[in-house]
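**Q** Questions regarding the structure given below will be posed in turn.
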Amino acid sequence: MSGFVGHLGNNLSGAWAIMRGQPEGLSRLDLSLDGFWRSFGAIVLLAPFAMLALLSQRRLAAAAGEATVATSSAGLGLEAIGLLLDWLAFPLVFALLARPLGLSGRYVAFIVARNWGAVLISAMVAVVHAAHLTGLLPSQFAPSLLFIAVGFALRFSYVITRTALGVPFGVALPIVALDFLLSLTIWATIDRFA
1123 MSGFVGHLGN NLSGAWAIMR GQPEGLSRLD LSLDGFWRSF GAIVLLAPFA
1173 MLALLSQRRL AAAAGEATVA TSSAGLGLEA IGLLLDWLAF PLVFALLARP
1223 LGLSGRYVAF IVARNWGAVL ISAMVAVVHA AHLTGLLPSQ FAPSLLFIAV
1273 GFALRFSYVI TRTALGVPFG VALPIVALDF LLSLTIWATI DRFA
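Taking the numbering used here as reference, the numbering of the sequence shown is continuous, increasing by one, and the terminal residue is 1316.
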């Protein structure tokens, strides 16, 4: 168990350093082939934050008078599928783009940093959702704070991309935009079926 906790701590602290623009954070990440595949297991840490977001978004929709899907097993199953698709889509798409962009040598480091960084970013955004769900943040203020939180999330995603790939602004920005647009498309599609 202590090996797992140490592995987790190293990867999360490495991701945090990268999120602050410190390339030496890459040395704390497990960039082996096993480490690459294990980084996808970070979705287990991310899932509770996703559940908070789902519950908060449903409360916001109800407060706005919109029809919401009950938190049923079918609705949760659909959300779980959405989370899994969102988690896997960008790494798959970027695997196809990395070689033409000349970034295949940094692909593993980038995806590992992105996956572990996503846990930290989700935890930060979850603070707003938790405040909303507990009543500390009234529904009328939640959208504004969530908008700001998404801005911070995009900023951190940009820094991870730029730092882990070692690319300039003009290359990092379209990569982050692609990731964001893929995510929006997946969730819009899931919402259509919900």
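Glycine residues also receive a C-beta, built at the ideal position from the N, C-alpha and C atoms.
#1: Apply the 10 Å Cβ neighbour rule to residue 1284 and answer buried if 16 or more other Cβ atoms are within range, or exposed otherwise.
#2: Work out the CA separation of residue 1306 and residue 1245 for me, nearest whole Å.
#3: For residue 1127, count the other beta carbons within 10 Å of its own beta carbon; 16 or more makes it buried, fewer makes it exposed. Which is it?
#4: Answer with buried or exposed for residue 1146, where buried requires no fewer than 16 other C-beta atoms within 10 angstroms of its C-beta.
#5: Residues in the same chain with beta-carbon distance under 6 Å from residue 1231, minus the five sequence neighbours each way, listed in chain order, please.
#6: According to DSSP, is residue 1152 helix, strand or coil?
#7: Have a look at residue 1275 and residue 1247 and give me their C-alpha separation to the nearest angstrom.
#8: Got a sec, what are the start and stop residues for the alpha helix (DSSP H) residue 1256 sits in?
#9: Does the distance from the CB of residue 1261 to the CB of residue 1142 come in under 8 Å?
#10: Using the Cα positions of residue 1200 and residue 1312, report the straight-line distance between them to the nearest angstrom.
#11: Taking Cβ positions, are residue 1140 and residue 1207 nearer each other than 8 Å?
#12: Buried or exposed: where does residue 1156 fall if 16 or more other Cβ atoms within 10 Å of its Cβ makes it buried?
#13: Measure how close the beta-carbons of residue 1228 and residue 1282 come, nearest whole angstrom, since I'm counting them as under 8 Å.
#14: CA-CA distance, residue 1301 and residue 1169?
#15: Could you tell me the alpha carbon to alpha carbon distance between residue 1297 and residue 1163, rounded to whole angstroms?
**A** According to the data block:
#1: buried
#2: 19 Å
#3: exposed
#4: exposed
#5: Closer than 6 Å at Cβ, skipping near neighbours: 1148, 1153, 1286.
#6: coil
#7: 8 Å
#8: Taken as a continuous stretch (DSSP letters only), residue 1256 belongs to no alpha helix (DSSP H), as it is neither H nor E.
#9: For the pair residue 1261 and residue 1142, the CB atoms are not nearer than the 8 Å cut-off.
#10: 7 Å
#11: In this structure, the beta-carbon distance from residue 1140 to residue 1207 does not fall below 8 Å.
#12: exposed
#13: Contact flag wrong, Cβ pair sits at about 12 Å.
#14: 19 Å
#15: Spanning the two alpha carbons is a distance of roughly 23 Å.
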